Structures are given as structure tokens and as C-alpha cells.
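Engineer:
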Amino acid sequence: MSSKTIKVDILARVEGEGALYVKIKDRHVSDVKLKIYEPPRFFEAFLRGRKFDEVPDITARICGICPVAYQMSSCHAMEDAAGVRAGGQLRELRRLLYCGEWIESHALHIYMLHAPDFLGYEDGIQMAQKYPEVVRRGLHLKKIGNTIMKVVGGREVHPINVKVGGFYKAPTKRELLALEGDLEWALGAALETVRWAGSFSFPEFERDYEFVALRHPSEYPLNEGRIVSNKGLDIEVKDYDQHFVEEHLKHSNALHSTLKGRGSYLAGPMARYALNYELLSPAAKKAAASAGLGPVCSNPFQSIIVRAVEVVYACEEALRIVRNYETPDRASVTVEPRGSVGYGCTEAPRGLLYHRYRIDDHGMILDAKIVPPTSQNQKSIEEDLFRFVESHIDMPKEQLQWKCEQAIRNYDPCISCATHFLKLHLARE
Amino acid sequence: MPAPRKPKLAVWKFASCDGCQLSLLDCEDELLAVAGAVDIANFPEASRAIVKGPYDVSLVEGSITTPHDEERIHSIRRSSRFLITIGACATAGGIQALRNFKDVREFTQIVYARPDYIETLNKSTPIKDHVSVDYEIRGCPVNKAHLVEVLNAFLRGRKPNMPNYSVCIECKRRGTVCVMVAGGTPCMGPVTQAGCGALCPAYNRGCFGCFGPKETPNTPALSAAWRELGVADQDVFRVYRTFNACAEPFQRESEAHEQ
Chain V
139 MSSKTIKVDI LARVEGEGAL YVKIKDRHVS DVKLKIYEPP RFFEAFLRGR
189 KFDEVPDITA RICGICPVAY QMSSCHAMED AAGVRAGGQL RELRRLLYCG
239 EWIESHALHI YMLHAPDFLG YEDGIQMAQK YPEVVRRGLH LKKIGNTIMK
289 VVGGREVHPI NVKVGGFYKA PTKRELLALE GDLEWALGAA LETVRWAGSF
339 SFPEFERDYE FVALRHPSEY PLNEGRIVSN KGLDIEVKDY DQHFVEEHLK
389 HSNALHSTLK GRGSYLAGPM ARYALNYELL SPAAKKAAAS AGLGPVCSNP
439 FQSIIVRAVE VVYACEEALR IVRNYETPDR ASVTVEPRGS VGYGCTEAPR
489 GLLYHRYRID DHGMILDAKI VPPTSQNQKS IEEDLFRFVE SHIDMPKEQL
539 QWKCEQAIRN YDPCISCATH FLKLHLARE
Chain W
20 MPAPRKPKLA VWKFASCDGC QLSLLDCEDE LLAVAGAVDI ANFPEASRAI
70 VKGPYDVSLV EGSITTPHDE ERIHSIRRSS RFLITIGACA TAGGIQALRN
120 FKDVREFTQI VYARPDYIET LNKSTPIKDH VSVDYEIRGC PVNKAHLVEV
170 LNAFLRGRKP NMPNYSVCIE CKRRGTVCVM VAGGTPCMGP VTQAGCGALC
220 PAYNRGCFGC FGPKETPNTP ALSAAWRELG VADQDVFRVY RTFNACAEPF
270 QRESEAHEQ
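Here the protein sequences come in this chain order: V and W.
One rule links them: number in this note's numbering = place in the first sequence (from 1) + 138.
One rule links them: number in this note's numbering = place in the second sequence (from 1) + 19.
1. Rounded to whole angstroms, what's the CA-CA distance from T557(V) to A132(W)? Just pull it up for me.
2. How is the alpha helix (DSSP H) around R570(V) delimited, first residue to last?
3. Please return the same chain residues whose Cβ sits closer than 6 Å to the Cβ of K32(W), not counting the five positions on each side in sequence.
4. With H, G and I counted as helix, E and B as strand and the rest as coil, what does DSSP make of N61(W)?
5. Can you grab the Cα-Cα spacing for the pair D577(V) / P254(V), in whole Å?
6. How about L218(W) and R293(V): do their beta carbons lie closer than 8 Å?
7. L218(W): beta carbon under 7 Å from a heavy atom of the ligand FAD?
8. According to DSSP, is M139(V) helix, strand or coil?
9. In terms of residues, what are the limits of the beta strand (DSSP E) holding S99(W)?
10. Strictly by DSSP, which residues pair up with C483(V)?
11. Taking its Cβ as the centre, do 16 or more other Cβ atoms sit within 10 Å of I146(W), making it buried, or is it exposed?
12. Using a Cβ cut-off of 8 Å, pull out every chain C residue sitting near D88(W), in sequence order please.
13. Scan the region 302-341 of chain V and note each continuous alpha helix (DSSP H) run of 4 residues or more that stays entirely inside, going in chain order.
14. Out of curiosity, what's the CA-to-CA distance linking L387(V) and K173(V)?
15. Quick one: any contact between the region 195-215 of chain V and the region 316-324 of chain V, if contact means 3 or more CB pairs under 8 Å?
16. Against I114(W), what residues of chain V qualify as contacts under a CB-to-CB distance less than 7 Å, listed in chain order?
17. State yes or no: is the beta carbon of C187(W) nearer than 8 Å to at least one beta carbon in chain V?
18. Can you check whether the C-beta of C39(W) is within less than 8 Å of a C-beta belonging to chain V?
19. Three or more C-beta pairs closer than 8 Å, one from the region 334-342 of chain V and one from the region 427-440 of chain V: is that the case here?
20. Taking a Cβ distance cut-off of 9 Å, strictly less, list which residues of the region 236-252 of chain V are near chain W, in chain order.
21. Does any CB atom of chain W fall closer than 8 Å to the CB of I263(V)?
22. For the region 335-353 of chain V, enumerate the residues whose C-beta is nearer than 8 Å to any C-beta of chain W, in chain order.
23. At a Cβ threshold of 8 Å, is M139(V) touching chain W?
24. With distances taken from CA atoms, which of I497(V), E485(V) and F524(V) is nearest S243(V)?
25. Name the DSSP beta bridge partners of V509(V), please?
26. Does DSSP classify T261(W) as helix, strand or coil?
27. What in chain V is Cβ-close to R118(W), meaning under 9 Å?
28. In chain W, what lies closer than 7 Å to L314(V) by C-beta?
29. For A456(V), is the classification buried or exposed, using 16 other Cβ atoms within 10 angstroms of its Cβ as the cut-off for buried?
30. Tell me whether R364(V) sits in a helix, a strand or coil according to DSSP, three-state version.
31. Confirm, please, whether the CB-CB distance from L317(V) to V450(V) is below 8 Å.
32. Quick one: what's R353(V) bridged to in DSSP?
33. Return no unless some Cβ of chain V is closer than 8 Å to the Cβ of A54(W).
34. What does DSSP give as the partner residue(s) for F382(V) in the beta ladder?
35. For M204(W), does the three-state DSSP call read helix, strand or coil?
36. By the three-class DSSP mapping on this structure, what secondary structure does C552(V) have?
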């Protein structure tokens, strides 16, 4: 009887701490565990007793890579609870800030974390020795995303300008127009990125996923929309808890989220793309097609192309916003708290981020629920690994281990978020 | 003659959001130059290659919250010539230190269906409570220019050029009109260490203390001024109980307003 174990004790090039254990027995995978050992930080517990307007700054600290996502989902939830809406230019500014985070986060993942796997390097810095111009392009693209964060949010990590109801200070028309030249360069670089990612070789691997993402009638989703899937789900954000459940498994400090009665699903760029393809710009669609993507991508290894297509979209959307922006008279709308429950769901770079808060009449938080994208994708990641190892059972261990790591990085997992992840253990028994 | 050995840099993570180590990757213009000057020997967020210690400089992000991490920090100290903590979690316990004032078992029950699966300590503590620390970089998150400055200073054997005055000085330099005196907005600037460039006041909001207490802060005087602006005790309490809740002067001030 032959058996082996693939184990990776520290998963690299992911945000946070995790490990992977794969057990193989008699040429079949017997167990896959994505272990998240990132220490718990108990946000949902200490949010109780905080005031509603402190929540965006506090929840930003769940993740240094996607703080805007946390700020946006919590602001929308608080505004929902109070029955107010921040529209007009404030809504545009929020989309612009979110575009900055998508560009910064996607460029980091594409160039520094994911591409080295396709080209056989341990990291982006090693890759830079062979491809200095490519890495510089990636870093400069990332910097432009960060520049948007700085101009609109005040700083790159944990922006300070976001408040419930809008912003503390609205940027001037001139400050935003100053971004135009950089964004034009970024759009060109993003199109190059799609071509470059499209030239990689991808393992033959497709799955019939249930994709879950927001869908909005007229725009590619960032802040608003209904939660939909390719298998019939179509609900309002406030009905999330009726359709999704979180399970606590022993091997992970991140709860596993599933669709009730249906099981795993996939959130993130591939889901957004499949469910909102028709809302992409002509240039983004054309770039996707020339990189070999149809309107649906079911090969998780190709998520790197989808991310690059989303960067194209984010650059175009940011350009549209800065060109049409007019400084609003007021930087925020007034939000008077009232005893109620508020729901917020926005598209973090890694996928759906759901927040729910119960608030009392004085605006104090009674309870909080936060479901980050990585905890939604954990089950799907484990299933990908199961299927991938099963179909590559004879691959030499070292190569198989690297491919397993790559399969996890397909999701750009953010373990800090999910625990609010990665070592690999491959065991052949 | 062989080329001199490049100094070895390691980056370690404990309980945190990854934002401070991300600040190193956010040095888009300096990153490749830094990578040219030092050997990035252990930085799992950026690389799967791991070079064994000892290391010349270890950057440590995050606070100690699990029995395993309590052990791990000692082995990191043993393998590091200089150990530098980065950010509010590593220097003061971070936002997750809010558990220190509560029953962690209750917290575990609120968040997790199976508290028995969770291994955690009662308190979130800064790195200096466990091992000796050579330098602390403040901030939630750190200012990336500080990372480059402190790394440079340690690699060249000089003292880092870092501020220890208050955010107020940065506002004056920046030419920002005082949001508290002129605008009546409660601001923690007078008791908070500079380093962010006085960002919040420049965006029409009061400082909320990301960089922790400055040297000898007069927190009672600031609380008295806040009271005159009509800020309730419970609000003063909560503002000190945020990102640097367990930094001693901030903890003392929050306790003075606890009801």
C-alpha cells in the first residue's frame, strides 16, 4: 500500500498564516485540509459596545490589504440601518476609492504573488532579475492604485477619510484631474498585463463552480447590487443569512461558509466576471477575448487573467470618474442612528464581503457579523486541491507541492481577513 | 576580493492585519533597491524561498496572542542581531488587545461555534513584554518612509532620525489650522506621537491616535479640554480604548473615564 503526504507548513505569498495538508492513500486523495492558524482577533466580539461611526476605522484593521472593502461594507450597513443613502458625487468617490484598492491589490497579486508561479520563480524580486521591466511595470501600476487611495482616502493602508455618510473631506476637482495622466498610463499597462498573463501556460483544469457575486443593473459591481449566482440565487443583501451558513471546523480558525443545501461556492474575480461580463467595457472585453477568455472562465489558474481584466475595468472606471467629477457641496450626508439592523455587502478584491450590525437607538453596536471572501472560498479551495491532486497523482512530490500552493494562490487568499492562511503538508501513506 | 555579504533581512508575522509588512511592498519605488541592498531571507508574504537564520535585522509585525507564538518569538529573538517591531500591534498589543479588558472565553463564544477548537491567550501583548526589542516603529499602520529610514539606519550603524514630538508639531509645519481650537473638533494630536504627517486634521477630522502616546503626554489636560467641547466621559473612554489601548498612558487615561 503506497501513501504520501504533501505538507506545506507556511504558505507563502498569501496574506496571513496558513498551512496545507494533503493525504494520498492507494493513489487516491484521502484528505485535504487547508489549515488556517492565523490567530483569532475577535473583531465581532469587541465591536459590541462601540459606536456606529467608529466601525469603519475599526473593521479596516481586519485587513491591511483591503481596508477599503471593510470600510465600504460597514458604511453601507450603517447607512442601511439609518435609512440614508450617500448618492451623487459621494457615491462616485466611493467607487473611485474602491477602484484604487482593486488596482493596488490586484497588481500586487498578479505581479508579486501569482505570476512567479507561472514563470518558475520563488518571488517577484527574483523574477525582477530576469524581467526587470515587467516587475517595474507591475509596481508602478500598484503605485497608481495606491495614489488614488492616498488622494481620496488620505493614505494607502487604513485610509482615514472614509466616514459613515461619505467622507470627512471631498477632494477638489483639480486634485482628481491630476490623476488623469497616471490613469491613462495605468490603462495601457493594464492592457499589457492582460496580454502578458494570457501568454502563460495553464494546467488543464476546469470545474463547474457556483459563482456568487453582486450584480447591479447598470455597472460592474463594487458597492451595490443583488447577490446572485449562475445557479439560480438572486437575493437582496438583507436575505444573506437565510441562504448562507457558516460552519466552524476544527482545522481552521476561519469559519467555512456554504450555500444552504448546496455546498461550496466561489466568490471573487472569476465570479464577478462570469456574472457581470456584459457590463465590462468594450476594451476590457476585447482584451479578455484576445487573452483567450470567453464570457465565463472556469479554470481557477486563469484567474490571473481575470484579475488583469478587472484592472483594465478599474482604470477605465477611475478615468471616467475623475473626468466627470464635480466637488460636492457637502462631503457627507448626516446619519442619525436608530435602533435597527443594517446590512452591507460590497465586492472586496477577493470577493463578496458581508457585514451585518444590530444597533440600538443611541447608535451603539449590539452585535456584528462579518463574512470575508476567504472564508467563503475555503471549501472551494479544498475541493480544487482534491480534484487537482487526484488528477495529477503521479506528479513528483516537489512539483505537486508547488502546484498545490499555486492552486491556493489562485484565490489570492487573505488569511488575515478569514481569521479574523498557509503551510502545505502532502502525505502519501 | 569577494563581494561583501549582504545583510539578511527577515519579516515575521504575529496577530495582525498584514498592513505594516505590506507597507514594505508598498515602497514601490524603493523595493527593488532595498532588495538589492539586503538579502530578503525570510518574508513569507512575498516569497516561498526561506533562508535559515541568523538574520541581521528582523522586522516583527503583530502581537502575541497564542501559546505557540509566545514560544516562537523567543526563537526569532535568538536568531536576530537586531529586532525591530513594526506597528501598533507589535508595540502595544493592537486593536485585538481590547480582549485584555474582557473575558476572552466570552469573546470566543461570541465569534466561534466551537470555542474548544480555539487556542488563544487571555491577553494580546506587545513583543517587548516577551523579548528585548532594539527599536519600535509606531503607527497603525507604520509610515513606509519610517521603515526605509530605520532599516537604513540599522544597516549603517547610525541612530534613526525619527520624531518623538506630538502630531501638533506636524500640523503647524503643514500649515493646517487647528481643528480643535478653531473648529471645536476633539483631537488627540496633543498627546499622540507624530509620524503620520498629521493626516487627519488635514482632512478636517480629529486625530484618533494611530501612532500611540508621545513622550510624557498630558492626557488629563486634554480630557479636560475635550470636556469643555462637550465630549462625554464614555466617549473619552472609548477613544483611548482603540488601536493603542494598552500603551500605558492611554490605558491609564481610559481607566480614569471608565464608568
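Yeah, the Cβ is synthetic: ideal placement off N, Cα and C, and Gly gets one too.
As the structure is a computational prediction, the values presented were derived from the model and not from experiment.
Structural biologist: Taking the definition as stated:
1. Mapped onto the first sequence, residue 557(V) falls at position 419. Mapped onto the second sequence, residue 132(W) falls at position 113. Unreliable positioning characterises T557(V) in this predicted model, as indicated by a pLDDT of 46, which lies under 50. The coordinate reading is nonetheless provided below. Distance between the alpha carbons of T557(V) and A132(W) is about 14 Å.
2. Absent from the model: residue 570(V). The displayed extent of chain V is 139 to 567, so no value can be given.
3. The residue labelled residue 32(W) in the question sits at position 13 within the second sequence. Cβ neighbours of K32(W) beyond the five flanking positions: E80 and G81.
4. As a first step, residue 61(W) must be located in the second sequence, where it is residue number 42. N61(W) falls in the strand class under three-state DSSP.
5. It is not possible to answer for residue 577(V), since the shown part of chain V is limited to 139 through 567.
6. The count along the second sequence starts at 1 and reaches residue 218(W) at position 199. The count along the first sequence starts at 1 and reaches residue 293(V) at position 155. Yes. Within cutoff.
7. Inclusion of the ligand FAD in the displayed structure is not the case, the ligand content being empty and no account of it being possible.
8. Position 1 of the first sequence, counted from the start, is the residue given in the question as residue 139(V). Because the pLDDT at M139(V) is just 44, under 50, the model does not fix this residue reliably, and the value given afterwards should be weighed accordingly. Coil.
9. Against the second sequence, residue 99(W) aligns to sequence position 80. Taken as a continuous stretch (DSSP letters only), the beta strand (DSSP E) holding S99(W) covers S99 to I105.
10. Residue 483(V) sits at position 345 when you count from the first residue of the first sequence. DSSP output for C483(V) lists Y492(V) as bridge partner(s).
11. In the second sequence, the residue the question calls residue 146(W) occupies position 127. That one is buried.
12. No chain C appears in this structure, whose protein chains are V and W.
13. 311-315 and 318-336
14. As a position in the first sequence, residue 387(V) is number 249, starting the count at 1. As a position in the first sequence, residue 173(V) is number 35, starting the count at 1. Roughly 10 Å between the two C-alpha positions.
15. no
16. For the purposes of this step, residue 114(W) is identified with residue 95 of the second sequence, where counting begins at 1. Correct list: I196 and R199.
17. Taking the second sequence and counting its residues from 1, one reaches residue 187(W) at position 168. It does not: the Cβ of C187(W) has no partner Cβ on chain V nearer than 8 Å.
18. To locate residue 39(W), count along the second sequence from 1; it is residue 20. Closer than 8 Å to some Cβ of chain V, the Cβ of C39(W) qualifies, so yes.
19. yes
20. E242, L246, M250 and L251
21. What you label residue 263(V) is simply residue 125 of the first sequence in a count that begins at 1. Yes, its Cβ sits closer than 8 Å to a Cβ of chain W.
22. none
23. Position 1 of the first sequence, counting from 1, holds the residue named residue 139(V). A caution first: M139(V) carries a pLDDT of 44, below 50, which makes its placement in the model unreliable, though a value can still be read off. By this cut-off, M139(V) is not an interface position.
24. Within the first sequence, numbered from 1, the residue matching residue 243(V) stands at position 105. Closest option to S243(V), Cα to Cα, is E485(V).
25. Numbered from its first residue, the first sequence carries residue 509(V) at position 371. Y492(V), per the DSSP bridge assignment.
26. Your numbering for residue 261(W) matches position 242 in the second sequence. Three-state DSSP puts T261(W) in coil, outside helix and strand.
27. Along the second sequence, read from residue 1 onward, the residue named residue 118(W) stands at position 99. By Cβ distance, chain V contributes R179, F180, A183 and F184.
28. The sequence position of residue 314(V) within the first sequence is 176, counting from 1. Residues of chain W passing the Cβ test: none, with the nearest at roughly 15 Å.
29. Sequence index remark: in the first sequence, residue 456(V) carries index 318 (1-based). Buried.
30. On the first sequence, residue 364(V) is found 226 positions in, with the first residue counted as 1. Residue state, collapsed to three classes: strand.
31. As a working mapping, residue 450(V) is identified with position 312 in the first sequence. As a working mapping, residue 317(V) is identified with position 179 in the first sequence. No; because the gap between Cβ atoms is not below 8 Å, this pair is not in contact.
32. Residue numbering aside, residue 353(V) sits at position 215 when the first sequence is read from its first letter. According to DSSP, R353(V) bridges with R364(V).
33. The residue labelled residue 54(W) in the question sits at position 35 within the second sequence. So yes, A54(W) belongs to the interface.
34. Counting from one through the first sequence, the residue named residue 382(V) turns up at place 244. In DSSP, F382(V) forms a bridge with L397(V).
35. To locate residue 204(W), count along the second sequence from 1; it is residue 185. As written in the sequence, residue 204(W) is Thr, which differs from the Met given in the question. Looking at T204(W) - three-state DSSP - the assignment turns out to be coil, as it is neither helix nor strand.
36. In the first sequence, the residue the question calls residue 552(V) occupies position 414. It is a strand residue.
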